[in-house]
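Trainee:
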Amino acid sequence: MHTNRDLVSVTTVVPQPVLTEQLQAQFKDKAVVWDVYSSTARADNGEKISESTTEIALDRVSGVPVDWSGAWVNDGTKTTTKFSGQIYKFPFHTEKKDYAFWDAELGGAAPPAKFEAVDSVGGVEVYRFKQTIDWFKTNLDDGTRSFLLSKFGDKTATTGDVYYRNTRTFWVEPVTGQFLDLREQRQQEFRDDVGTVTTLLNADFRYSKATVDNSVKTAGDNKFLIQTVRLYAPIVLGVIGLVLLIVGPLLMRRREPTF
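Under this note's numbering, think of the first position of the sequence shown as 2, with each following residue one higher.
1) So what does K97 bridge to, in DSSP terms?
2) Tell me where the beta strand (DSSP E) around A26 begins and ends.
3) Give me the Cβ distance between F153 and R184, rounded to the nearest whole Å; I'm assuming they're in contact under 8 Å.
4) Given a cut-off of 8 Å on the beta-carbon distance, is the pair L150 and T160 in contact?
5) Hey, which unbroken runs of the alpha helix (DSSP H) at 4 residues or more fall wholly within the stretch 55-124?
6) Report the partner residues of W35 according to the DSSP bridge assignment.
7) Can a CB atom of chain B be found closer than 8 Å to the CB of V176?
8) Considering Cα atoms alone, identify which of W172, T157, S53 and A101 is closest to T41.
9) Between the stretch 160-169 and the stretch 80-90, can you find at least three pairs of beta-carbon atoms closer than 8 Å?
10) Quick one, are the C-beta atoms of V62 and P16 less than 8 Å apart?
11) State the DSSP-derived secondary structure class of K218, mapped to helix, strand or coil.
12) In terms of residue numbering, what span does the alpha helix (DSSP H) encompassing D143 cover?
13) Roughly how many whole angstroms lie between the Cα atoms of K97 and K29?
14) Taking the alpha-carbon positions, what's the D60 to S216 distance?
15) Going by C-alpha to C-alpha distance, which of S147, E48, Q132 and A105 sits closest to N75?
16) Looking at V173 and V125, is the spacing between their C-beta atoms short of 8 Å?
17) Spatial neighbours of P18 within its chain, please: CB distance less than 7 Å, with the 5 preceding and 5 following residues excluded, ordered by chain position.
18) Using only the alpha-carbon positions, how far apart do G196 and Q188 sit?
19) Please report how far the alpha carbon of Q132 lies from the alpha carbon of K90, in whole angstroms.
20) Would you kindly work out how many angstroms separate the C-alpha atoms of G144 and W69, rounded to a whole number?
21) Under a Cβ-count criterion, where at least 16 other Cβ atoms within 10 Å of its own Cβ denotes burial, should T55 be classed as buried or exposed?
22) Would the beta-carbon of V34 fall within 8 Å of that of L20?
23) Checking 8 Å against the spacing of the C-beta atoms, do Q186 and T168 come in under that value?
24) Roughly how many angstroms lie between the CA atoms of D120 and F130, to the nearest whole one?
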């Protein structure tokens, strides 16, 4: 157990172009496959507290997982997982409404991320959402339960469980759906059957200034691209349509028989 330590939580997304290409027939070019590496470590010495790898296929527009049997999570044991709700971003053109948001402990049963207010991050207008997960008992395998009981339980205790709660606050740039800032207040306790309670984790994670600054910049660049496509795509399509109207009669003339 680590007390009064600064922790660093890092999430790295690596697109998988080969797998994405293989899925295009199934999802009609609407899905992208990501490998996501997550780790939490002590800031002072780099000691790992937890780490996991996820492989997931997401809808390109909404950002929600598609129904893909190949999705999995490996946090020590590789487990096929059926994901649901938003996970790593909100949809393009995020609305002022509540969104289902995935939680690793509760899965799709997690409470929604509720829209709270229009806010600002780095001079950029954002929508603020909050997901509140109250204390609940997590699934615990017998080996982990026995280990925690031997380490933290009272000597008269015969069993115990891990309880978890979390509050996530998201600051979302609405055009791109990107997080410009994220705060996660996560707690875990081991509670044995005679009333002994041990805090396993009491952490307040927040994007660093460097992460916020980079998120603001990339969201600004991506927002410009999206707005440019929306502005000029109808014009381009109109020009293409006009060209086709001109070329069409020419092609028909060439096909007319000569006598």
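Glycine included, each C-beta is placed from N, C-alpha and C at the ideal position.
Mentor: In terms of the structure at hand:
1) As a working note, residue 97 is residue 96 in the sequence shown. None, per the DSSP bridge assignment.
2) As a position in the sequence shown, residue 26 is number 25, starting the count at 1. Segment P18 to F28 is the alpha helix (DSSP H) holding A26; no beta strand (DSSP E) there.
3) On the sequence shown, position 152 is the one that residue 153 refers to. On the sequence shown, position 183 is the one that residue 184 refers to. In fact, because the Cβ distance is near 28 Å, the residues do not count as touching under 8 Å.
4) Counting from one through the sequence shown, the residue named residue 150 turns up at place 149. Counting from one through the sequence shown, the residue named residue 160 turns up at place 159. Contact: yes.
5) none
6) Your numbering for residue 35 matches position 34 in the sequence shown. According to DSSP, W35 bridges with P16 and I57.
7) Among the chains of the structure shown, chain B does not appear; only one protein chain is present.
8) For this step, residue 41 is matched to residue 40 along the sequence shown. The shortest Cα separation from T41 among W172, T157, S53 and A101 belongs to S53.
9) no
10) Working through the sequence shown from its first residue, we reach residue 62 at position 61. Working through the sequence shown from its first residue, we reach residue 16 at position 15. No. Outside cutoff.
11) As a working mapping, residue 218 is identified with position 217 in the sequence shown. DSSP places K218 in helix when its eight states are reduced to three.
12) By one-based count along the sequence shown, residue 143 stands at place 142. Here the alpha helix (DSSP H) through D143 covers D143 to F153.
13) As a position in the sequence shown, residue 97 is number 96, starting the count at 1. As a position in the sequence shown, residue 29 is number 28, starting the count at 1. The alpha-carbon atoms of K97 and K29 are separated by roughly 29 Å.
14) What you label residue 60 is simply residue 59 of the sequence shown in a count that begins at 1. What you label residue 216 is simply residue 215 of the sequence shown in a count that begins at 1. Each residue's alpha carbon lies about 21 Å from the other.
15) Within the sequence shown, numbered from 1, the residue matching residue 75 stands at position 74. Ranking the options by Cα distance to N75, first place goes to A105.
16) Here residue 125 refers to the residue found at position 124 of the sequence shown. Here residue 173 refers to the residue found at position 172 of the sequence shown. No. Outside cutoff.
17) Translated into the one-based positions of the sequence shown, residue 18 becomes position 17. The answer is none, since no qualifying residue turns up.
18) Taking the first residue of the sequence shown as 1, we reach residue 196 at position 195. Taking the first residue of the sequence shown as 1, we reach residue 188 at position 187. About 18 Å.
19) Here residue 132 refers to the residue found at position 131 of the sequence shown. Here residue 90 refers to the residue found at position 89 of the sequence shown. Cα to Cα, Q132 sits roughly 14 Å from K90.
20) Walking along the sequence shown from the start, residue 144 turns up at place 143. Walking along the sequence shown from the start, residue 69 turns up at place 68. The straight-line gap from Cα to Cα measures roughly 30 Å.
21) Counted from its first residue, the sequence shown places residue 55 at position 54. Buried, by the Cβ-count rule.
22) Numbered from 1 along the sequence shown, position 33 holds the residue referred to as residue 34. Numbered from 1 along the sequence shown, position 19 holds the residue referred to as residue 20. Cβ distance < 8 Å, so V34 and L20 count as in contact.
23) In the sequence shown, the residue the question calls residue 186 occupies position 185. In the sequence shown, the residue the question calls residue 168 occupies position 167. Contact flag set, yes.
24) As a position in the sequence shown, residue 120 is number 119, starting the count at 1. As a position in the sequence shown, residue 130 is number 129, starting the count at 1. Spanning the two alpha carbons is a distance of roughly 10 Å.
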